[in-house]
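Engineer: Chains as they are written, first to last, in our numbering: chain S, 1 to 516; chain G, 517 to 617; chain F, 618 to 1255; chain H, 1256 to 1760.
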Amino acid sequence: MLDHILSILIFFPALAGVMGFMINKESMRAYGVSVGIIEFALSLWLWFAFDSNVSGMQFMEHLPLIPSFGINYILGVDGISLFIVIMASLFTMLGIASLTDTKNVKNMIITLLFLQMTMVGVFTALDGIVFYVFWELSLVPMLYIIGAWGGPMRIYASVKFFLYTFAGSLVMLVGMLFMAYFYYQATGTWSFAILDWYRLILPESFQLWLFAAFFVGFAIKVPMFPFHTWLPYAHGQAPTIGSVILAAVLLKMGTYAFIRFSLPLFPDASVYFMYPVAVIAIIMIIYTAMVAYAQKDVKQVVAYSSVSHMGVIILGTFALNVEGISGSVFLMIGHGIVSGALFLLVGVIYDRRHTKLMSEFGGLAHVMPKYATIFGIMMMASVGMPLMINFVGEFLSLLGFYSQSHMLTLLAGVAIIVGAIYMLIAYKRMFFGEVTKEENRNLPDVNKRELIALVPLVIITIWLGVYPKPVLEPINNSVESVVQLMHNKATTEDAKMRIPNVSGVVISKTSAKEAH
Amino acid sequence: MEIGLNHYLILSTILFAIGLVGIMRRKNLLLLFFATEILLNAVNIGFAAISHYYGDLTGQMFAFFVIAIAASELAVGLGLLIVWYKRHGTIDLDTMTSMRG
Amino acid sequence: MEKYLYIALFAPLVSSMFSALFTNGPKKQFVGIIASLLIFTAFVSSSILLTHILGGGEVVHVEMMTWMHTGNLYIPFGFVVDQISVTMMMVVTLVSTIVHVYSIGYMDHDKGFNRFFAWLSAFVFSMMILVMSDNFAGLFIGWEGVGLCSWGLIGFWFHKDIATWAANEAFIMNRIADLGMLIGIFLVYWNTGSLQYDIAFPAFANLDTSTLTMIGIFLFIGAMGKSAQFPLHTWLADAMEGPTPVSALIHAATMVTAGVYLVIRSNELYSLIPHVGLFIASLGAFVALFAASMALVNRDMKRVIAYSTLSQLGYMFAAAGLGAYWVALFHLMAHAFFKALLFLGAGNVMHAMHDELDPFKMGGLKKVMKGTWIMMTIASLALAGIFPFAGFFSKDTILEAAFAEHHMVIYGVLVFTAGLTAFYSFRLVALIFHGEERYKIFGIHPHEAYKFMLIAMSPLLILAMIAGVFQEPFFNMVEEILGAMEYHIHSHVTVWIMLVGTQVFVGLAILFAYKKYSSWSTVPDGSSPMENSFIYKLLYNQYYIPFAYEEYVVKPYNEISAMMWEVDKKVVDASVDGIANIFYTTGEKTRDMQSGNLSTMLKWMVAGTVGLLSLAVVFGLAARYSDEILAILSGLGV
Amino acid sequence: MLSPINISIESLNLVTLAPMLIPFVGALMILVIDLLKGNLDKSLYVVISILFLVLDFGALLDSAGMFSANGIILGVFNVMLIDGLAILAQFIIVATSILFIPLALTNKRFHEFSHPEFFALFLFMIGGFQFMVASDNLILIFVGLETASLALYTLIAMHNRDKSFEAAIKYFTMGALAAGFYSFGSMVLYALTGSVEINQIATILANNGYADIGFVLVGVVFLLASFAFKLSVVPFHTWTPDVYEGSSAAMAGYMSIVPKIAAFVVAMRLFEFLIHSHVVWLEVVLYAFVVITMTAANMWALVQTDVKRMLAYSSISHAGFVMAAILIGTTQANSALFLYWILFSFTNLGAFSMLWISRQKELPGYQKTDHSFEKFSGMIQTSPMAAIVMAIFMLSLAGIPPFALFWGKIYMISAAVTGGYTILALVMALNSAIAGYYYIKLIVYMFMKDPIASNVDNSGHLYVANATTALKTIIGFAILGTIFAFLAVDPLLEFVTTFVYNSGY
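(1) Between the stretch 1075-1093 of chain F and the stretch 999-1017 of chain F, are three or more C-beta pairs nearer than 8 Å?
(2) By how many angstroms is the C-alpha of Thr-826/F removed from the C-alpha of Trp-990/F?
(3) Indicate whether Phe-635/F and Ala-659/F have their beta-carbon atoms separated by less than 8 Å.
(4) Ala-512/S to Asn-752/F, Cα distance in whole Å?
(5) Just checking, does the stretch 1525-1533 of chain H make contact with the stretch 1617-1626 of chain H on the three C-beta pairs under 8 Å criterion?
(6) So that I know if they touch, is there some Cβ in chain G lying closer than 8 Å to that of Leu-1478/H?
(7) Would you verify that the beta carbon of Thr-613/G is, or is not, closer than 8 Å to some beta carbon of chain F?
(8) From the DSSP output, in three-state form, read off Ser-1075/F for me.
(9) With distances taken from CA atoms, which of Leu-451/S, Asn-442/S, Ala-269/S and Ile-285/S is nearest Leu-342/S?
(10) What is the rounded straight-line gap between the Cα of Val-506/S and the Cα of Trp-684/F?
(11) Using a Cβ-Cβ cut-off of 8 Å, state whether Ser-1438/H counts as contacting chain S.
(12) If the cut is a Cβ gap below 9 Å, which residues of chain F does Pro-1514/H touch?
(13) How many angstroms separate the CA atom of Ala-1653/H from the CA atom of Phe-1741/H?
(14) Who does Ala-193/S pair with in a DSSP beta bridge?
(15) Answer yes or no: do Ser-1511/H and Asn-1603/H have a C-beta to C-beta separation smaller than 8 Å?
(16) Kindly identify the DSSP beta-bridge partner or partners of Ser-1627/H.
(17) Please confirm if Lys-1727/H has its CB atom under 8 Å from at least one CB of chain F.
(18) Excluding sequence positions up to five away, which residues of its chain have a Cβ less than 6 Å from the Cβ of Val-1054/F?
(19) Taking the alpha carbon of Phe-1322/H as the point to measure from, which residue in Leu-1336/H, Glu-1629/H, Ile-1347/H and Lys-1418/H has its own alpha carbon closest?
(20) Taking the runs of the alpha helix (DSSP H) that are 4 residues or longer, which of them lie wholly in the stretch 1398-1458 of chain H?
(21) Of all the CB atoms in chain H, is at least one closer than 8 Å to the CB of Phe-1200/F?
(22) DSSP on Trp-1209/H, reduced to helix/strand/coil?
(23) Select from Leu-143/S, Leu-231/S, Ala-269/S and Ser-158/S the residue whose C-alpha is nearest the C-alpha of Pro-203/S.
(24) Whose C-beta lies closer than 6 Å to the C-beta of Gly-538/G among residues of the same chain, with five residues either side of it excluded?
(25) On the three-state DSSP scale, how would you describe Glu-61/S?
(26) Among the residues of its own chain, which have a CB less than 6 Å from the CB of Ala-817/F, if the five just before and after it don't count?
(27) Which term fits Ala-1556/H, buried or exposed, when burial requires 16 or more other beta carbons within 10 angstroms of its beta carbon?
(28) Using a Cβ-Cβ distance cut-off of 8 Å, determine whether Asp-572/G contacts chain H.
(29) Val-466/S to Gly-842/F, Cα distance in whole Å?
(30) Enumerated in chain order, which unbroken segments of the beta strand (DSSP E) with a length of 3 residues or greater are wholly contained in the stretch 1179-1204 of chain F?
(31) Under a CB-based cut-off of 8 Å, is Leu-594/G close to chain B?
(32) Please say whether Thr-1038/F and Ser-928/F have beta carbons closer to each other than 8 Å?
(33) Taking a cut of 7 Å between CB atoms, which residues from the stretch 530-556 of chain G lie near chain F?
(34) Would you verify that the beta carbon of Leu-527/G is, or is not, closer than 8 Å to some beta carbon of chain H?
(35) What is the rounded straight-line gap between the Cα of Gly-759/F and the Cα of Tyr-1134/F?
(36) Please report the residue range of the beta strand (DSSP E) in which Phe-694/F lies.
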């Protein structure tokens, strides 16, 4: 079974989703939770069976799909993707478990299960086209979730989300086709297998164009400034569960793809574009943090904060060294957990008051102390408090990028200031002060169902903040091999210098200094 | 002046142009059909002349087929025209605009 | 010894988590007691460690587990108990034990009793991590942890808008400094390859001065935030919105001294870059004077003490900057004792006065609050540096150090500030405890605090009196690690003149304060000429710095944020929608091409054909006459 | 005078005619049956048609086997040309027809199906198309084209509504003009080369080095115009939406597939030799046609309010997309064309069939046209299965993987990439995004809006009002083909590529 565990992980939820049509409406939630738990258990098993010391792909599966065109069903996980897969199944499970009563619960759960299939698929696919299949397919359930269960502008938001990401990924698709064509020219056979592409060394000019093509697809997904405007709408209108999964998992597809595709395929271009991308990342960090500060709707605050944090992830990725990339991968997990939890928390209050405007709240800490505590923990995690999950990633990302640029890191570091500003102010507006609105006076505190979803997240937040090793170690091993690959493939002088040679003994102090 | 191939071809082209103008200008369905007949027959003249010029029968065969097709086309066309006339009492093109955009 | 290290470190955590269990419940007396006991345990362990170190024992260094390990970066949870950290541990655990016990009484009637202990113990834990960590990353954990707890405790009474505002201000300002600190840490890592003190510090010797200067400056920026040095000082005064025990523990004795600790801890770095040290010393001296001047006129008891704290931190930085690390550390310790005492005394007064803070509305309290009066007077004497109290020894050594290093300006400023310190301290004592009982106007019936609170304070009282005697053993202990040296001024006469002169100057300032305020009878209403003088207004408004921050930082930030949002909606987003709309509107506008009229349709067909035909003709002609066209074109110079 | 005819029957290779003749025989048989005994049920004719089409398919398999073994087959005075393209196109034509014919077995009575002539004409049409694709001779192509077209006009008109007559007249008139263009174009090429065989024309032109390029282009213009009409290239497309709207949904779906593949094959034969000879004019014109047709049709589809009309514009756009293959002209591109069209036939026929089964006789007030978007509001709540099926067809049309059309799309774009048309590849890709909008629009209506009250009352019966087992089966085939296309792409691709490659394209 372990030989096919990835396929099982991908298609089990889909199969369960199809079977779900036969389930009675009343029992649907239980069914969904069971499927979620099984899937989560399977993904934990995957982790258990995963050998942390191996840096390459594990649990590989290989089936011919369209061999004459080089498309094969290839799956595999390494340290980079493993935890995102686990996180995807975790959030689906928690999401279904904490689902508040909505209309058409059955459709919702089936949709979520399909969404899960696509999420796991994206992170385990090792074939460009298979990756693309899941990448695009993930838009559809999300479109439905936002469009059918969202707020008043849900249709605008969902269509915008769909078309924007769709348009971007089509450009990426053209890039992939080019990549395959170059592979064909070099070897005489078509192949979309990522591992095959890794072996291909392209001239720098080609790399630049292809990097740009992939970048459009990924940047919109991440979303990077100035392609981020779909996100506030999507989050603002989506139901809680939609926002949770969107923030926790779907956004990670973009950053993951940067590490999986852009960096190892185009090392020279990555170095070439490092500064522009870093500047964009810094704009994301500061600009969106300021926009977040100006929001009146708490969900929008969290939404914009996501963009801001994604900026740090991008920055870490483009540090192009082990510290930075490991940090950004870890921050993907961290941001997933934390922003997912924050959206769940916003959902809690939305369920009670049917508004997300901060001006409607105030003094909630009096009425809902448990809620305030959990919100506070998650807020502090989001702000980057040490010993909480986000800090590890943020610290490593910034640390990594520091070796590339002093000034830019200094600017990016403003993240920890502006991040604190919008989060603390939002928290103050919601929780502190006297209870001013009569409606808020008798709000019930978080209930059991909500705690089921929130408590595990709190535990993970602190556990991985204190002891990130079980996660960081596999990530580190895989990232080291990626960085080594990049170093080996780099053709330009600049790239050779900026991408460290991992297998070399230790980065000597002199070389680190030269990099400044 | 000897009548050569070019003259036939020019005649054919002129007739074809007349047919085209007719197609653009006519609002009456029946007259429109006339115009299409002119088009096809213009081509027939050309085919016949070229065929003669090359001493090759293919062109004439083409012309025969064109005649046959023109005839059957007209049969279908007139059928449609009659149905339309029965239903609407007119064969003016401007009445056929229920679908647009 | 490792056992004691772990106990000292984790007892506060256990205490915090235990208390946290009850946060949502009603007040439980035992929570406070157990928390206090656990902190006391930490204190005992620290004492054992202290005796161990004092007895010349090995430095205790443990590595608990890995925290982060990626690439070349390896950060463990490592803890070290050496001469410096053990001093800090003693200060922290001692003061916090007292504050815990004191708080049982102080927070007696508060709804958030349990929550308070959770936060307070969490603070102690963070502070312990800060001082015990053996690497910069661990230090940063504690650094941020104390910031977090400070946020939670300043904003403890979260129903008060001003309290939560102050909490946020403190957090955000500290964050600004933390960025500097973080950059400093990055610099250390990329230049030395490690964040461990025992690897990084020796490596500093091989680095060039400019890099070291950068590291020094950035780390010091971090220290400036935590220790509220100018220009990041405004949060400290505002932080007085928190409960008074918090002010005593965090904003007087421990957290604010973290910056000083950092500089002392990094002494090996700062010794290599004396120019940065001089800057630190100058800034310290400036802050000492600057803060003292604001304390002169303030009408909020706690803020006066806060400014005095700020001023004393200036002293410490002055000492540290001049390379007298051990003096700075010693002053840090002594200051912790008497300042905590002063704050706790102030807490008693506040309790008695129903949270009234204006000393002008008090007066004559010594009759009802004898114990508090004695304690605060002695604490003030210690603060003023009167022989033989604690402040005398520590402060005087700082002055000596400044003198011995020939920084006369700094020396002068510090001496002058000593006078100001004495004045404002006794202005406060005089106004609160002497003179007419002005509180009666406001119908307040003051009462002395619980006895056990006074008893809890007594260790501090004793220490404030006798801490001077520790100077010798302390020096011996830290001598090695801090490269300490006694400051010897060549002529004994000079020494005596300095000593006596300072004492007389300070004594005169005290007398002046008493004379002026001990018989104060009215509550100033802002009409007196002094209150309208420019200097008074300037000082009273804290040099208009908070105003300037509000006006030139906060408001613009708000406006820019709002503007950015507009930009986001109306430029970035609108252009995306605009592009999408181009297609839609083009479709909408051109759909009339399909007019539904057969005649038009036929015309389109013919038009298309004619268009193609003309293109074909043009192309055909071009092909036929291509030679001529090329000739003409080349003639035209194309 | 005339020399005696001296031709052996073998050299005529009459077997090449077999696939075309079978439907003609079937058509005649239907007419005869009707003559002998009238008023028979439509199901009889449906089954007879299917039987003959299956026979036809069998004959095609035979031809395919012969082609695989011996290569290109000429027959009947070298008028018939059985090459890979012809076989592939006929496969598509016949298979689609087999799928289409059962759609006549509706729940409601429709005028056209109660007349056996409908089925006879239908078979004639198929024969016509088969002749059209299986010949190299401009005369035979013309005859095939007209046979099919005239039958098609009649089939449209037989739907017997005002709109269908209007559509038929429009289609007919424009078709007549296109026939004029075709014959004039043929005449010009005949005048230039003295031949009506495309390969001979190509050879002669190549031999004299395109000396009269201007006149060649005049001929090409007219031929291009006539095929642009058939392929509904902007601005020759104006008939398409009206005709699709006027005819029954099933017929519209059929029309979006079969006539076009026939036209594509002829276009390939006619134009690719010019592209290969680097006639820049044609490259430019085709490039413009491809881009304009794709983009403009997409933009018009955006603003439609009727699903069927939207699908009409969408199929124009798809045709534009596929026309890129003729421009690119590589084996990969031509194979992509067939692959795309096979996948497209499944999806599009399925989509139109979904409209067909929801066809009402009477329109309620909120519905201005047969298939206005409002009709599908909240379909997921009243008729979830149908909604999901429809949504999958839409997603496939939009090119969302892993549904059928995606594979065609990437292969086609890849062909553009490989052929060096980078910008074209990007335009093709981005057009999918524009197209995404209107396909999603239907999904938005079906999944995200609330149903209109009267639809709730009849609990979604509306959407399957016209459904019978036969129709559902067809849709089942279509949906399975759409979803599991990825399993079939590889063998299809190999098959198509072999056939196209061996035909010299």
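Glycine included, each C-beta is placed from N, C-alpha and C at the ideal position.
Quick caveat: nothing in here was measured; it's all calculated off a predicted structure.
Structural biologist: Let me lay it out:
(1) yes
(2) 52 Å
(3) no
(4) With a pLDDT of 40 at Ala-512/S, under the threshold of 50, the modelled position of that residue is not reliable, and the figure given next carries that caveat. Taking the straight line joining both Cα atoms gives about 21 Å.
(5) Per the Cβ contact rule, the stretch 1525-1533 of chain H is not in contact with the stretch 1617-1626 of chain H (fewer than 3 Cβ pairs under 8 Å).
(6) no
(7) Taking Cβ atoms only, chain F reaches closer than 8 Å to Thr-613/G, which makes this a yes.
(8) helix
(9) Leu-451/S
(10) At Val-506/S the pLDDT is 44, less than 50, meaning the model places this residue with poor confidence and gives no usable figure here.
(11) no
(12) Ordered by position in chain F, no residue passes the 9 Å Cβ test against Pro-1514/H, which lies about 17 Å from the chain.
(13) Distance between the alpha carbons of Ala-1653/H and Phe-1741/H is about 16 Å.
(14) Asp-127/S
(15) yes
(16) Ser-1627/H is bridged to Asp-1561/H.
(17) no
(18) Note that residue 1054/F is Glu in the sequence shown here, rather than Val. Correct list, in chain order: Gly-980 and Gly-981.
(19) Per the Cα distances, Leu-1336/H.
(20) 1417-1448
(21) yes
(22) Beyond the ends of chain H as shown, which are 1256 and 1760, falls residue 1209/H; an answer cannot be given.
(23) That would be Ala-269/S, whose Cα lies nearest to the Cα of Pro-203/S.
(24) Ala-551
(25) strand
(26) So the qualifying residues of the chain are Val-805, Thr-809 and Ser-811.
(27) buried
(28) Judged by the 8 Å Cβ criterion, Asp-572/G is in contact with chain H.
(29) 25 Å
(30) none
(31) Structure shown: chain B not included; protein chains present are S, G, F and H.
(32) yes
(33) Of all residues in the stretch 530-556 of chain G, only Leu-536, Ile-539, Met-540 and Lys-543 place a beta-carbon less than 7 Å from a beta-carbon of chain F.
(34) no
(35) 42 Å
(36) 690-698
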